[in-house]
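Each remark here refers to the structure printed beneath this line.
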Amino acid sequence: MTAYVALLFAVNVGGRSVPSTALRALSAALGFAASRTVVNSGNLVVAAGASGAATADDVARLVRDGVADRFGVDAAVAVLPAARLAGLVDALPFPDAARESPSHVQLFVGEHDVDAAGLARLAAEHPGSEQVAVAHGALYVTFPDGIGRSRLTSAVLARAAGGPVTGRNWRTVTRLLTTAREVEDEVS
Numbered sequence: 069m070t071a072y073v074a075l076l077f078a079v080n081v082g083g084r085s086v087p088s089t090a091l092r093a094l095s096a097a098l099g100f101a102a103s104r105t106v107v108n109s110g111n112l113v114v115a116a117g118a119s120g121a122a123t124a125d126d127v128a129r130l131v132r133d134g135v136a137d138r139f140g141v142d143a144a145v146a147v148l149p150a151a152r153l154a155g156l157v158d159a160l161p162f163p164d165a166a167r168e169s170p171s172h173v174q175l176f177v178g179e180h181d182v183d184a185a186g187l188a189r190l191a192a193e194h195p196g197s198e199q200v201a202v203a204h205g206a207l208y209v210t211f212p213d214g215i216g217r218s219r220l221t222s223a224v225l226a227r228a229a230g231g232p233v234t235g236r237n238w239r240t241v242t243r244l245l246t247t248a249r250e251v252e253d254e255v256s
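So in the numbering used here, spot 69 of the sequence shown is number 137, and the numbers just go up one at a time.
Okay, structure coming up:
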């Protein structure tokens, strides 16, 4: 059975509270199996279980609607089947940076694939020390001087990507993949 990694956009910031323990309880109430959270920033790993979800879009809809109903937070949700997340990890264009400083490498995904042409323009025109690359519909960015000092803000990245994106640092990405594999083992 496939594990799904659901990434909620902009939760647990600015008063948009979705605590991990409550998110796990919600996912169980929605019928998902083997619910896990990774760090308290809107990262949920589940198997379809009795939820009726047959696709990543189904998981996204159920989680988004459930979060809105339970917490009063309308958060976009990007859902990656474990196999897609594994492909994104394998496609990492900055392996040395991720090995040396995983908290300074981010993977950004949207509800849909990012605009590769828009991000290529951003990469060519951006004067900063960051590196930007696109692979398999996702955006990878290195932030050697830290994300807080970068001019590549969420708004800049969203404009270039053709829509909102949510990012996770490389340490979290690899933990999410490990957790997804554990969920698949548990429900098999």
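Glycine included, every Cβ here is placed at the ideal spot set by N, Cα and C.
Can you find the residues in the same chain that come closer than 6 angstroms, C-beta to C-beta, to residue i, ignoring five residues on each side of it along the sequence?
{"i": "ALA14", "result": "What the structure shows of the chain is the stretch from 69 to 256, and residue 14 is not part of that stretch, so it cannot be assessed."}
{"i": "PHE100", "result": "VAL114, GLY117 and SER119"}
{"i": "GLY196", "result": "ARG219"}
{"i": "ALA191", "result": "VAL200"}
{"i": "GLN174", "result": "VAL209, GLY235 and ASN237"}
{"i": "LEU98", "result": "SER119, LEU130 and GLY134"}
Excluding five sequence neighbours on each side, which residues of the same chain lie with their C-beta closer than 7 angstroms to the C-beta of residue i?
{"i": "PRO232", "result": "PHE77, ALA144, GLY178 and ALA226"}
{"i": "SER256", "result": "MET69"}
{"i": "ILE107", "result": "Sequence inspection shows Val at residue 107; the Ile mentioned does not correspond to that position. Taken in chain order, the residues that qualify are THR240."}
{"i": "ALA102", "result": "VAL114, ALA115, VAL251, GLU254 and VAL255"}
{"i": "GLY186", "result": "ALA228, ALA229 and GLY230"}
Using the Cα positions of residue i and residue j, report the straight-line distance between them to the nearest angstrom.
{"i": "HIS212", "j": "VAL131", "result": "The amino acid occupying residue 212 in the given sequence is Pro; His does not appear at that position. Going by the C-alpha atoms only, they are around 34 angstroms apart."}
{"i": "ALA122", "j": "ASN237", "result": "28 angstroms"}
{"i": "LEU245", "j": "ALA124", "result": "16 angstroms"}
{"i": "SER88", "j": "LEU148", "result": "19 angstroms"}
{"i": "GLU193", "j": "THR210", "result": "16 angstroms"}
{"i": "GLY216", "j": "GLU254", "result": "38 angstroms"}
{"i": "GLY230", "j": "HIS180", "result": "9 angstroms"}
{"i": "SER171", "j": "GLY214", "result": "9 angstroms"}
{"i": "ASP142", "j": "ASP133", "result": "8 angstroms"}
{"i": "SER109", "j": "VAL81", "result": "9 angstroms"}
{"i": "ALA159", "j": "ALA146", "result": "19 angstroms"}
{"i": "PHE176", "j": "ALA71", "result": "19 angstroms"}
{"i": "ASP164", "j": "ARG84", "result": "35 angstroms"}
If you drop the 5 nearest sequence neighbours on each side, which residues of the same chain put their C-beta closer than 8 angstroms to that of residue i?
{"i": "ARG104", "result": "ARG92, LEU112, VAL113, VAL114, THR247, GLU250 and VAL251"}
{"i": "ALA90", "result": "ARG138 and PHE139"}
{"i": "ARG189", "result": "ALA228"}
{"i": "SER169", "result": "PRO212"}
Within 10 Å of its beta-carbon, does residue i have 16 or more other beta-carbons around it, so buried, or fewer, so exposed?
{"i": "GLU198", "result": "buried"}
{"i": "HIS204", "result": "exposed"}
{"i": "SER95", "result": "buried"}
{"i": "ASP183", "result": "buried"}
{"i": "ALA206", "result": "buried"}
{"i": "VAL224", "result": "exposed"}
Is it the case that the CB of residue i approaches a heavy atom of the ligand SAH more closely than 7 angstroms?
{"i": "LEU175", "result": "What this structure holds is no ligand at all, so the ligand SAH is not there to describe."}
Whole-angstrom Cβ separation of residue i and residue j, contact assumed at under 8 angstroms?
{"i": "VAL127", "j": "VAL86", "result": "So it is not a contact: roughly 16 angstroms between Cβ atoms."}
{"i": "VAL73", "j": "ALA166", "result": "Contact flag wrong, Cβ pair sits at about 18 angstroms."}
{"i": "THR234", "j": "LEU75", "result": "5 angstroms"}
> Is the region 219-228 touching the region 140-160 in the sense that three or more CB pairs, one from each, lie closer than 8 angstroms?
Replying inline: no
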